[in-house]
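Some notes on the structure that comes next.
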């Protein structure tokens, strides 16, 4: 029991008060010594430890059918892919502007990403490409003949029309360069005219850059492989 301290003895006096008799404690227990004042305790004692344990137990019951169903939903190819905002705008433009002209042909507006598009001074680029073609024509008469026939067919079919020298060259007009690929060994079409809608204006914008690509028309490759 704790009490007040009446006297302090130095280490040199401790031996003088000892008497015969000592009992040694076990681990974390003090030893007991017999002195002139009676039995005294000396040594270390075990600290007071409070051990608190917490146990929890959770049980879930799930049928094997639910697990298999969830697995197949993860692996299943979706039947309907959500339409993107870009494709939604594309379909809206096509639906609103598709019509027929006096000849019965279908006509649809270009699906521009922004209206009106900004094309800066595209005519000089197309003119320079034309001059390069004319230099090739001087070296290859067959190429010139085939190119003229192609252009005449485009005129007769109504796919293009002659532009006068005073045609507008502002940001709403895009002059598309074109060139010919001539293959003598071809058994079908020796001349193929390529229209370059990726040719960029001085402001680094081409016709293709301003058009919405629209939804993918090809079937999904994963669906094809699964059906195969």
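In the numbering used here, the protein residues as written are 5 to 232.
Glycine residues also receive a C-beta, built at the ideal position from the N, C-alpha and C atoms.
Predicted, not measured: the structure shown is a model, and the values here were computed from it.
Exercise. Could you check if residue 115 is buried or exposed, using at least 16 other CB atoms within 10 Å of its CB as the buried criterion?
Key: buried
Quiz item: Between the segment 133 to 143 and the segment 179 to 189, are three or more C-beta pairs nearer than 8 Å?
Solution: Short answer: they touch.
Quiz prompt | residue 32 (DSSP reduced to helix, strand or coil) | solution = coil
Practice problem: Please list, in chain order, all residues of the same chain as residue 204 whose beta carbon is under 6 Å from its beta carbon, the five residues on each side excluded. | Solution: Closer than 6 Å at the Cβ level, and outside the excluded window around residue 204, lie 210.
Practice problem: Can you tell me which of 199, 179 and 228 puts its alpha carbon nearest to the alpha carbon of residue 206? | Solution: 179
Quiz item: Start and end of the alpha helix (DSSP H) containing residue 147?
Solution: 145 to 161
Practice problem: With a threshold of 16 other CB atoms inside 10 Å of the CB of residue 158, please say whether the residue is buried or exposed. | Solution: exposed
Quiz item: Hey, residue 110 and residue 101: beta-carbon distance below 8 Å or not?
Solution: no
Quiz item: If residue 113 and residue 87 are in contact, beta carbons under 8 Å, what's the gap, nearest whole angstrom?
Solution: About 20 Å separates the two Cβ atoms, so there is no contact after all.
Quiz prompt | Residue span of the beta strand (DSSP E) that contains residue 188, given as start and end | solution = No beta strand (DSSP E) contains residue 188, which DSSP labels as neither H nor E.
Quiz item: Cα-Cα, which of 135, 122 and 85 is closest to residue 221?
Solution: 85
Quiz item: From what residue to what residue does the beta strand (DSSP E) around residue 197 run?
Solution: 195 to 199
Quiz item: What is the rounded straight-line gap between the Cα of residue 135 and the Cα of residue 212?
Solution: 24 Å
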